[in-house]
Amino acid sequence: MEEAKTIVSGNKVFRPLLDETLTTEDLRVSREELKEIPESREVAMKILKKMLSEQDEFLPRMDDMYLIRFLRCRKYDCERTFKTIRDHYKFRKQHPYIFPLPSGIELAIRSCIFNFLPHRDHKGRAVYVFKISRWETSKISYADFIAAGNLVAESVLDNPVTQINGYIGIWDFKGFSTGHFLPFCSPKHILLLTTLMQGRFPVKMLFSTVEVW
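In UniProt numbering, the protein residues as written are 1 to 213.
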C-alpha cells in the first residue's frame, strides 16, 4: 500500500494518519489545553504509577506509552486519571467479549464497518469513519460490531498526535435498515455502548460528527 503523503490545501495541512511528528500547534494544544509540560509529565507519571502500584483491584499495564494516553485524556489530573484507568479495567473485566483478539472478530474487522481516513483533518484529529451498510447483522453480532469498532479506534491510540488532538467522526448511514436499528432498541446494548464511550476510553472524542444519509 502506498504511504500517505502530507496534503496542503490553501492554509490547511492534512497530515498522514500514522505520522507521529508533533507540530508547533500540537505542542501548543498539549501545553495550553492538556496542561502538559516536560516537568509536569514526569511528576504526574511518577504519582500515577505509585497510585497504581499501591492498589490491588486490577493489574494494569505500567509502561509510559500506555499511561500517557490516560494522563493526556484527563489533563494530568492524577486522581481523575486513576479513576479512568480503574473504570476502564473494570469494564474490561465485566465485558471481556468486547476486547477479544483480532482473530476472534476477523469478519467484523475485514468488513471495514469502521475505519480511519488516511489523513487527519486540518486540526490534527484522526477521522473515524463508520459505514453502517457494511454491517451484515445476520453474520456479525452486536457484540462483535462493538468490539470491532473499539479495536479500530484503539489502533491509533499510541500515536501522540491522536492523544493530543482526539478524533472526529463521520457516520455514513446510507443503507441503514430495520436490521441495523433493532439492536440499538435494547437498553442493554445502549448501556454497553454509552458506558464504553463515556469515561472508559482514553482519548478526546471530539465527535463533531458528519452524518451521511
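Ideal Cβ placement from N, Cα and C applies to all residues, glycine included.
Residue i burial status per 10 Å Cβ neighbour count (16 or more: buried)
i	result
residue 28	exposed
residue 194	exposed
residue 166	buried
residue 60	buried
residue 156	buried
residue 144	buried
residue 43	exposed
residue 52	buried
residue 84	buried
residue 8	exposed
residue 10	exposed
residue 168	buried
residue 34	buried
Pair within 8 Å by beta-carbon distance, residue i and residue j
i	j	result
residue 172	residue 132	yes
residue 81	residue 48	yes
residue 36	residue 76	yes
residue 86	residue 57	yes
residue 164	residue 30	yes
Residue from the options whose Cα sits closest to the Cα of residue i
i	options	result
residue 159	3, 16, 143, 100	16
residue 162	102, 20, 14, 99	20
residue 79	191, 46, 188	46
residue 214	170, 119, 197	Any answer about residue 214 is impossible in this case: the structure gives the chain only from 1 up to 213.
Own chain, CB closer than 8 Å to residue i, minus 5 neighbours either side, in chain order
i	result
residue 97	143, 147
residue 112	131, 134
residue 92	98, 99
Note down, one range per segment and in chain order, each alpha helix (DSSP H) of at least 4 residues found wholly within the region 163–187. 178–181
Next on the checklist: As an exercise, report each continuous alpha helix (DSSP H) stretch of at least 4 residues that is fully enclosed by the region 56–123, in chain order.
Outcome noted: 64–73, 78–94, 106–110
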